[in-house]
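K.L.:
Just passing along the structure, written as structure tokens.
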Amino acid sequence: MRISKLLSAIFITGASAQKFPDCANGPLANNTICDTTADPYKRATALVSLFTLAEKIENTGNTSPGVPRIGLPAYQWWNEALHGLARGASWAAAGNNFSYSTSFPQPILMGASFDDKLVHNVASQISTEARAFSNANRYGLNYWTPNINPYKDPRWGRGQETPGEDPFHVSSYVNALVTGLQGGLDDLPYKKDLRDYYLPSFQQCARDSNVQSVMCSYNAVNGIPTCADEWLLQSLLREHWGWTGEDQWVTSDCDAVQNIWDYHHYTNTPEQAAADALIAGTDLDCGTFWPTYLGSAYNQSLYNISTLDRSLIRRYASLVRLGYFDSASVQPYRQLSWSDVSSPAAEQLALQAAEDGIVLLKNDGLLPFSSNISNIALIGPWANATTQMQGNYYGQAPYLHSPLIAALNAGFNVTYVQGADINSTNTTQFAAAITAAQKADVVIYLGGIDNSIEEEEKDRTNIIWPTTQLSLINQLSNLSTPLIISQLGCMIDSSSLLTNPGVNALIWAGYPGQDGGTAILNILTGKAAPAGRLPITQYPSDYVNQVAMTDMNLKPGENNPGRTYKWYNGTPVFEFGFGLQYTTFHATITPPSSNTFEISDLLSNASTYKDLTPFLTLPVAVSNTGSISSDYVVLLFLTGTFGPSPYPKKSLVAYTRIHDITGGATANAELKLNLASLARGNENGDLVLYPGDYKVVVDIDGKDEWSFTLKGEEVVLDSWPEKSTVG
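Going letter by letter, the sequence shown gives residues -17 to -1, 1 to 710 in mature numbering (1 follows the signal peptide of the UniProt record, and there is no 0).
Here's what the structure looks like:
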């Protein structure tokens, strides 16, 4: 199934029903648009040729009215599917078919699983459910997901929407998700940082995964709003990355075209802003700015009609590709129905996605629970969480199993006291929480932050535990009852919990979705073994005083300790990739016979894209040296002295998740590296393979390593088209 994907997500609002055109008996039946033997471009061109100028302009916004006189229904282009169906779905009343769909964990937790196959399976299920809703006229056929901006600043409110901070990890996640679905602020990022950090995930989407749609964002890059940036949308995206399909199109983020004029003040008139975005390569305005101003812009001769036709043809060609104009009898995906939504397999997948992402951060031996624990005190503002577990951009779930419900379902005797709010000074429930804790065999405190503190348009000014919650935790830790902390939401400084001997165990569970409570209880009881890894760095709280959010520099400077695990020169609370298990593992690399390579030899069989040329496949044997069966995430980092200094501390270049390694057993993994794995960006933004000394290391604690050398002249693997205003 080839479903349109975009690169961002937007706040949730209402929805309206979608309808299919009648290509059997309607006015379009004899038009080429309904000829299934013609290619999508010809079919879409035939359709658009029937539009008047006014009808063309009316259909440039996300809420397109269609053209009733020719039988083209209205169509809503804005549909969300970040971790399940969301905005755009027309939900039936509770208790009826199509009243819910599977709600998976947020990407930040699924990213922590480091399991691309899992992500692909989740995306495939979302795609199936979306098609089923579409067939019932309850959803569109293009979905605005994923958000693939690397999560480089812990204060960013939208971090939960992303897989994490590492560009390679984000790119791999995106490839798995897109193939499953398809069958700020203006500062001057250096070209080098654009190459190495900001753009790899977008290149993966457009060039390597052939995503069908892309979103230009609110911000400007080096002074030019992205939706008006012809270099970004045409020279780089379409021409250099070869993203030239007749059905591939660019949408703006909602009101981003309007922002060109009234926020960025990039143009003197709204008409010029509308025309600039159209000419640059934007094909859809999420908003009403184009329908309002493209008419007067045309009257001022600010764009040609062929440019407008181009944008319409691209979008309608994508709907042709998706079978929108085909009858149900010839389109197999039109057969999907309510029975394909929230199936038992989908429910199990949602649970697995949550379990596999949960990260064990501290354990003094309390976990997993012993069989003599029967009385639990469940405390904290997440203890009875429901929609909290979904994060943002969520839809109607079939159920929301809170930790409280999960603990009761597991057969424990539970005393529940909220104890504290997410972020208030109210301490009136402290006494009840302490009393419950004193009577229990174990205390499980579930807290942290949620959408009341972090989400779109809610960047944070600090990364600390809310004060009242931390005060209650400290009081609970002074009791003799064992204490487990389950931190939810995105990263906050847990250093005081790490060093507090009264806190026996600490897990991070992000936003775990519809069965999040069950997943947490399964991890604590040992029904599932934790193997997730942090996809982001947990910084000390003072980090926010050391790095301005508006400082785009990744590398450390005089007043900047650097950003992400690649460059941060301070001591993190927990580093990227951290995660404990209930057992122990040993990993061994089987190195190649040679550790010296000539660059010219490596490029002798280069493909069209030199950076994708294979380097080697590295076998790694992983042994479970403990007694508990567990998954293990193999992380392979690259470090070394090659290219210009300063050098990144290390970079993730490969990973895989091995499932169910039993105690005493050994499992094998193969980690594939290509030349892009070894290359770095230079000051011009070129991707360069340098001679020098390299080393790959397994895991953050260096379970094994292998060193090698590249010899010869440096080679540019990829060079961007020139743009004098960048850099």
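Ideal Cβ placement from N, Cα and C applies to all residues, glycine included.
CB-CB under 6 Å to residue 552, same chain, minus the five flanking residues each way: which ones, in chain order?
P.N.:
Hits under 6 Å: 539, 544 and 545.
K.L.:
If you follow the beta strand (DSSP E) that residue 606 is part of, which residue opens it and which one closes it?
P.N.:
597 to 607 is the extent of the beta strand (DSSP E) around residue 606.
K.L.:
Do residue 440 and residue 140 have their CB atoms nearer than 8 Å?
P.N.:
Yes, these two residues count as a Cβ contact at 8 Å.
K.L.:
Alpha carbon to alpha carbon, what distance is there between residue 330 and residue 550?
P.N.:
One C-alpha to the other measures close to 39 Å.
K.L.:
So, is residue 569 buried or exposed, given that buried needs 16 or more other C-beta atoms within 10 angstroms?
P.N.:
Classification of residue 569: exposed, given that the 10 Å Cβ count is below 16.
K.L.:
Note down the Cα distance separating residue 171 from residue 30, rounded to an integer number of angstroms.
P.N.:
With a pLDDT of only 49 at residue 171, under the threshold of 50, the placement of this residue in the model should not be trusted; the figure read from the coordinates follows. So the two alpha carbons sit approximately 43 Å from each other.
K.L.:
As a quick exercise: from 119, 85 and 117, pick the residue whose alpha carbon is nearest that of residue 104.
P.N.:
Measuring from the Cα of residue 104, the nearest candidate turns out to be 85.
K.L.:
What's the gap between the Cα of residue 254 and the Cα of residue 268?
P.N.:
For residue 254 and residue 268, the distance between alpha carbons rounds to 14 Å.
K.L.:
Going by the beta-carbon positions, is the gap between residue 427 and residue 467 smaller than 8 Å?
P.N.:
Against a cut-off of 8 Å, the Cβ pair of residue 467 and residue 427 comes out as a contact.
K.L.:
What's the C-alpha gap between residue 242 and residue 19?
P.N.:
Taking the straight line joining both Cα atoms gives about 40 Å.
K.L.:
For residue 58, which residues does DSSP report across the bridge?
P.N.:
Beta-bridge pairing links residue 58 to 47.
K.L.:
Our contact map puts residue 160 next to residue 113 with C-beta atoms below 8 Å; I'd like the distance itself, whole angstroms only.
P.N.:
Residue 160 to residue 113, Cβ: 13 Å. No contact.
K.L.:
Which residues share a DSSP beta bridge with residue 360?
P.N.:
Note: residue 360 sits in a beta bridge opposite 398 and 426.
K.L.:
Determine the DSSP secondary structure at residue 198, reduced to helix, strand or coil.
P.N.:
Correct three-state label for residue 198: strand.
K.L.:
Pick from 667, 670 and 639: whose alpha carbon is nearest that of residue 655?
P.N.:
Taking only the C-alpha atoms, the option nearest residue 655 is 639.
K.L.:
Determine the DSSP secondary structure at residue 575, reduced to helix, strand or coil.
P.N.:
Looking at residue 575 - three-state DSSP - the assignment turns out to be coil, as it is neither helix nor strand.
K.L.:
Does DSSP put residue 692 in a helix, in a strand, or in coil?
P.N.:
Three-state result, residue 692: strand.
K.L.:
Applying the criterion that 16 or more other CB atoms from any shown protein chain within 10 Å of the CB defines a buried residue, is residue 2 buried or exposed?
P.N.:
That one is exposed.
K.L.:
Could you tell me the alpha carbon to alpha carbon distance between residue 236 and residue 378, rounded to whole angstroms?
P.N.:
Approximately 20 Å between the Cα atoms of the pair.
K.L.:
Are the CB atoms of residue 511 and residue 505 within a distance shorter than 8 Å?
P.N.:
The answer is yes: Cβ separation under 8 Å.
K.L.:
So what's residue 182 in DSSP terms, helix, strand or just coil?
P.N.:
Three-state result, residue 182: coil.
K.L.:
DSSP three-state call for residue 411: helix, strand or coil?
P.N.:
Of the three classes helix, strand and coil, the one that applies to residue 411 here is coil, per DSSP.
K.L.:
Taking the alpha helix (DSSP H) that residue 288 falls in, what are its first and last residues?
P.N.:
Taken as a continuous stretch (DSSP letters only), the alpha helix (DSSP H) holding residue 288 covers 288 to 304.
K.L.:
If you measure from the beta carbon of residue 494 to each beta carbon in chain D, is any gap under 8 Å?
P.N.:
Of the chains in the structure shown, none is chain D; there is only one protein chain.
K.L.:
For the alpha helix (DSSP H) containing residue 3, name the first residue and the last one.
P.N.:
Note, residue 3: premise wrong, no alpha helix (DSSP H); not H, not E.
K.L.:
Using DSSP with H/G/I as helix, E/B as strand and the rest coil, what is residue 171?
P.N.:
Note that residue 171 scores a pLDDT of 49, beneath 50, so its modelled location is shaky; the value from the coordinates is reported in the next line. If DSSP states are grouped into helix, strand and coil, residue 171 belongs with coil.
K.L.:
Could you round the C-beta distance between residue 7 and residue 192 to whole angstroms and report it? I think they count as a contact, below 8 Å.
P.N.:
No, residue 7 and residue 192 are not in contact; Cβ-Cβ is about 35 Å, not under 8 Å.
K.L.:
Would you be able to state if there are at least three C-beta pairs under 8 Å between the stretch 174 to 184 and the stretch 107 to 124?
P.N.:
At 8 Å Cβ cutoff, the stretches do not touch.
K.L.:
Could you spell out the range, first to last residue, of the alpha helix (DSSP H) harbouring residue 546?
P.N.:
No alpha helix (DSSP H) contains residue 546, which DSSP labels as neither H nor E.
K.L.:
Does DSSP put residue 510 in a helix, in a strand, or in coil?
P.N.:
Coil at residue 510, not helix or strand.
K.L.:
How about residue 425 and residue 460: are their beta carbons less than 8 Å apart?
P.N.:
No, these two residues do not count as a Cβ contact at 8 Å.
K.L.:
Could you tell me which residues DSSP pairs with residue 616 in its beta bridges?
P.N.:
In the DSSP output, where bridge partners are listed per residue, residue 616 has 640.
K.L.:
If we ignore side chains and look at the alpha-carbon of each, how far apart do residue 369 and residue 289 end up?
P.N.:
For residue 369 and residue 289, the distance between alpha carbons rounds to 50 Å.
K.L.:
Could you check whether residue 509 and residue 340 sit closer than 8 Å to each other, using their CB atoms as the reference points?
P.N.:
No, they are not a contact pair.
K.L.:
For the alpha helix (DSSP H) that residue 157 lies in, which residues bound it at each end?
P.N.:
Segment 150 to 165, the alpha helix (DSSP H) holding residue 157.
K.L.:
Going by DSSP, what residue range makes up the alpha helix (DSSP H) through residue 273?
P.N.:
272 to 282 is the span of the alpha helix (DSSP H), which, as asked, contains residue 273.
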